[in-house]
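Contents: one structure, followed by commentary.
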Amino acid sequence: MKQKIDKTLVKHIAQLAQIPISVQEEKTLADNFSETLRVVDELQQVNTEGVELTHQVTGLKNITREDEINEKNMFTQQQALANASRAHNGFFVVERVIDVE
Amino acid sequence: MLNKLTLKQTIDQLDNKKITLEDIWADVLNAIKNQNDKLNVYLALNKNFKPQLNKPLKGLPIAVKDNFCTKGLITTASSLLLKDFMPQFESTVTQKLKDAGGEIVGKTNMDAWAHGSSTETSQYGRTLNPRNLEHLPGGSSGGSAAAVAADMCIASLGSETAGSVRQPAAWCGVVGLKPTYGRTSRYGVVAMASSTDSPGPITKTVEDAAILLNHISGPDPLNATSTKKESPDFTQSLDKSIKNLKIGIIYHNLPGLEKIWELFEPQLEVFKKLGAQVELANAMDPKHAIGVYTVVQRSEVSSNLARFDDVRYQYGRDTFGNEAKKRIMLGTHTLSKGYADQYYNLAQQVRTLLIKDYEKLFKKYDVLISLTSPGFAKKIGASEGEAMFGELEDKLVEVSSLSGMPGISIPCYRDEKTNLYLGMNIMAPMWREDLVIQMADAFEKNTHWNSWRNND
Numbered sequence: 174m175k176q177k178i179d180k181t182l183v184k185h186i187a188q189l190a191q192i193p194i195s196v197q198e199e200k201t202l203a204d205n206f207s208e209t210l211r212v213v214d215e216l217q218q219v220n221t222e223g224v225e226l227t228h229q230v231t232g233l234k235n236i237t238r239e240d241e242i243n244e245k246n247m248f249t250q251q252q253a254l255a256n257a258s259r260a261h262n263g264f265f266v267v268e269r270v271i272d273v274e
Numbered sequence: 011m012l013n014k015l016t017l018k019q020t021i022d023q024l025d026n027k028k029i030t031l032e033d034i035w036a037d038v039l040n041a042i043k044n045q046n047d048k049l050n051v052y053l054a055l056n057k058n059f060k061p062q063l064n065k066p067l068k069g070l071p072i073a074v075k076d077n078f079c080t081k082g083l084i085t086t087a088s089s090l091l092l093k094d095f096m097p098q099f100e101s102t103v104t105q106k107l108k109d110a111g112g113e114i115v116g117k118t119n120m121d122a123w124a125h126g127s128s129t130e131t132s133q134y135g136r137t138l139n140p141r142n143l144e145h146l147p148g149g150s151s152g153g154s155a156a157a158v159a160a161d162m163c164i165a166s167l168g169s170e171t172a173g174s175v176r177q178p179a180a181w182c183g184v185v186g187l188k189p190t191y192g193r194t195s196r197y198g199v200v201a202m203a204s205s206t207d208s209p210g211p212i213t214k215t216v217e218d219a220a221i222l223l224n225h226i227s228g229p230d231p232l233n234a235t236s237t238k239k240e241s242p243d244f245t246q247s248l249d250k251s252i253k254n255l256k257i258g259i260i261y262h263n264l265p266g267l268e269k270i271w272e273l274f275e276p277q278l279e280v281f282k283k284l285g286a287q288v289e290l291a292n293a294m295d296p297k298h299a300i301g302v303y304t305v306v307q308r309s310e311v312s313s314n315l316a317r318f319d320d321v322r323y324q325y326g327r328d329t330f331g332n333e334a335k336k337r338i339m340l341g342t343h344t345l346s347k348g349y350a351d352q353y354y355n356l357a358q359q360v361r362t363l364l365i366k367d368y369e370k371l372f373k374k375y376d377v378l379i380s381l382t383s384p385g386f387a388k389k390i391g392a393s394e395g396e397a398m399f400g401e402l403e404d405k406l407v408e409v410s411s412l413s414g415m416p417g418i419s420i421p422c423y424r425d426e427k428t429n430l431y432l433g434m435n436i437m438a439p440m441w442r443e444d445l446v447i448q449m450a451d452a453f454e455k456n457t458h459w460n461s462w463r464n465n466d
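Chains A and B are the protein sequences, given in the same order.
Residue numbers are given in my numbering: position 45 of the first sequence equals residue 218, and the series is strictly consecutive.
Residue numbers are given in my numbering: position 285 of the second sequence equals residue 295, and the series is strictly consecutive.
Below you can see the structure in the form of structure tokens.
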């Protein structure tokens, strides 16, 4: 299945990815993505019937640790906020994301 | 000129009290002062060091790629979003380096977020190749490779997702070792593609790479995908006979590589002279690795970079450069509902086939060897406007990255006119860095391509 990447789709992806893009970029990104996906589409020539997916290569499974507090590996509130652009009374300040137009 | 010594030489000569640590640092800092404005290797410097002569790395100046979180030293991953990011914790690998007595002399330039193979996507300007200033150092660990090539450190650390240690090492004429995935911890490394990211040493000699790997590898409770096994002593693989080892040469008949192959093929003779069995072998077409890697990496990038915004950091997502924007967005697309089957799942299936192909070859051969990169270092500006520059430059190493297998790039040819190098990529099965080091060390010591064993 070949898929066309047009400006509308690029705008949609940008919204999903929370990446602000200009009107100009909509066109250049659409062309760029189409070029990249042309190479990716060649994978469809490979016979993958019945082939398992490889998500990881370590073979490790269900790696857990004891449910204990590791104080050596904890941030203080001050450390956690050290790189924030805005903090107030020891909390992160974020934009409102509910009930907005 | 103590900055020109290898890690092994500095350790030995400090032990014998022939030289002092202060003099080594003075020469390294001097080399940085004289060259950094021109080469743009370091983004941050640390001139304070503690002599630690009782520890294995003595307090020697080691360069570290700027995607390792270093407490008290700004870590940008060459991005504007992290321009003022001061890590509040230390990456496991740099902590291990410090525990062994290594001192970070500076943080090296890279492709922004490690997205690229040229350093041209860095938001702080490109690094130049010290071997030839009209050319690129490769990437993404281009700054670390250039720091080594220009003797602006004694050794360095990089990280590889697919080619990011080996390709810049090849282009700068130095040694780059990508360990088995999980051998070195990813904790505290600004993530690119979590299923392949592997920190590794970039050094002057194979011996130096073995020494550094000894100190930075091993289990890490803070990284669930790290190995549960302790590392062997990798220096035990040096100075060993390679007699009767079986070598499969792959990617020897790719269209477009004919001219480079003519330069590369004669270099394989030395393995025969040393008693190894050398055969041409056939691997699956690496063009499929390009497709798989592109999808897997962009998908993982979109997920990993979702956490970066101006809530926890000082600058917002509008500061992402073109390459990061492209990768995040395409990865968002390949993972989104309705497209994941077509792209992501298909790529993970072909990944399985590529791994099985290598596993089959490793039933017959101890190591596989290819060129590291399809050519010499490209000229400045080469990556601009290319949709898939990195993927194409890294196609010969991508399968070993996608499969987690270890590999090393060592200098195996120098062009006299341009002073540029070709890299030889030696790969082995999972957890067999010992074979990779053994073979690379034998090549290095029986040829004259390594400039630290040759000129100095």
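Just so you know, even glycine gets a beta-carbon here, dropped at the ideal spot from N, CA and C.
Item, Value
"Inter-residue Cα distance where the pair is glutamine 23 of chain B and lysine 256 of chain B", "37 Å"
"Contacting residues, own chain, Cβ-Cβ under 6 Å from threonine 428 of chain B (five flanking each side not counted)", "Asn142"
"Counted within 10 angstroms of its Cβ, other Cβ atoms place methionine 247 of chain A as buried (16 or more) or exposed", "exposed"
"Proximity test, Cβ basis, 8 Å: valine 196 of chain A and chain B", "no"
"Cβ pair glutamate 113 of chain B, phenylalanine 78 of chain B closer than 8 Å", "no"
"Interface residues of chain A facing aspartate 121 of chain B [CB-CB closer than 8 Å]", "Within 8 Å Cβ-Cβ: nothing; aspartate 121 of chain B doesn't reach chain A, min ~17 Å."
"Per-residue burial, leucine 63 of chain B [other beta carbons within 10 Å of its own, 16 or more giving buried]", "exposed"
"Member of B/Met96, B/Ala41, B/Ala110 whose CA lies at the smallest distance from the CA of leucine 70 of chain B", "B/Ala110"
"Best match in B/Asn332, B/Asp404, B/Thr304, B/Leu363 for proximity to valine 224 of chain A [C-alpha to C-alpha]", "B/Leu363"
"Integer Cβ distance of serine 208 of chain B from tyrosine 191 of chain B, believed to fall under 8 Å", "5 Å"
"Inter-residue Cα distance where the pair is leucine 91 of chain B and asparagine 256 of chain A", "11 Å"
"Identified DSSP bridge partners for glutamate 170 of chain B", "B/Ser208"
"Cβ contact (3+ pairs, closer than 8 Å) linking the segment 136 to 154 of chain B and the segment 169 to 181 of chain B", "yes"
"N- and C-terminal bounds of the beta strand (DSSP E) containing glutamine 251 of chain A", "Here glutamine 251 of chain A belongs to no beta strand (DSSP E); instead the alpha helix (DSSP H) covers 250 to 254."
"Residue range of the unbroken beta strand (DSSP E) whose run includes aspartate 425 of chain B", "417 to 425"
"Buried/exposed call for leucine 233 of chain A, threshold 16 Cβ in 10 Å", "exposed"
"Alanine 110 of chain B, DSSP secondary structure in three states", "coil"
"Cβ distance (whole Å) where alanine 122 of chain B is taken to contact leucine 83 of chain B below 8 Å", "Not a contact, Cβ separation roughly 18 Å."
"Option in B/Ala179, B/Leu290, B/Gly391 with minimal Cα separation from proline 421 of chain B", "B/Ala179"
"Cβ neighbours of asparagine 46 of chain B in the same chain (closer than 6 Å, five flanking residues each side left out)", "Tyr52"
"8 Å Cβ cutoff met for glycine 183 of chain B and tyrosine 431 of chain B", "yes"
"Threonine 181 of chain A at chain B interface by Cβ criterion, 8 Å", "no"
"For glutamate 130 of chain B, the residue or residues it bridges with in DSSP", "According to DSSP, which records beta bridges pairwise, glutamate 130 of chain B is partnered with nothing at all."
"Distance between valine 212 of chain A and valine 183 of chain A (C-alpha atoms, nearest Å)", "18 Å"
"Per-residue DSSP class, three states only, for phenylalanine 265 of chain A", "strand"
"Among B/Lys65, B/Lys75, B/Ile72, B/Leu381, nearest to leucine 484 of chain B - alpha-carbon criterion", "Because chain B here runs from 11 to 466, residue 484 of chain B falls outside it and cannot be looked at."
"Alanine 87 of chain B and valine 200 of chain B closer than 8 Å at C-beta", "yes"
"CB contact check: valine 273 of chain A to chain B, cutoff 8 Å", "no"
"Asparagine 435 of chain B - DSSP class collapsed to helix/strand/coil", "strand"
"Per-residue DSSP class, three states only, for isoleucine 72 of chain B", "strand"
"At least 3 beta-carbon pairs within less than 8 Å: the segment 434 to 447 of chain B vs the segment 327 to 344 of chain B", "no"
"Selection of the segment 349 to 375 of chain B by Cβ proximity to chain A, strictly under 7 Å", "Gln352, Tyr353, Asn355, Leu356, Ala357, Gln358, Gln359, Val360, Arg361, Thr362, Leu363, Ile365"
"Contacts of lysine 336 of chain B in chain A (Cβ-Cβ under 9 Å)", "Leu202, Asn205, Phe206, Thr209"
"Cβ-Cβ separation, serine 174 of chain B to leucine 232 of chain B (assumed contact under 8 Å), whole Å", "The pair is not a contact, with the Cβ atoms about 22 Å apart (cut-off 8 Å)."
"Where histidine 261 of chain A falls, given that 16 or more other Cβ within 10 Å makes a residue buried", "exposed"
"Alpha carbon of threonine 249 of chain A to alpha carbon of threonine 85 of chain B, nearest angstrom", "20 Å"
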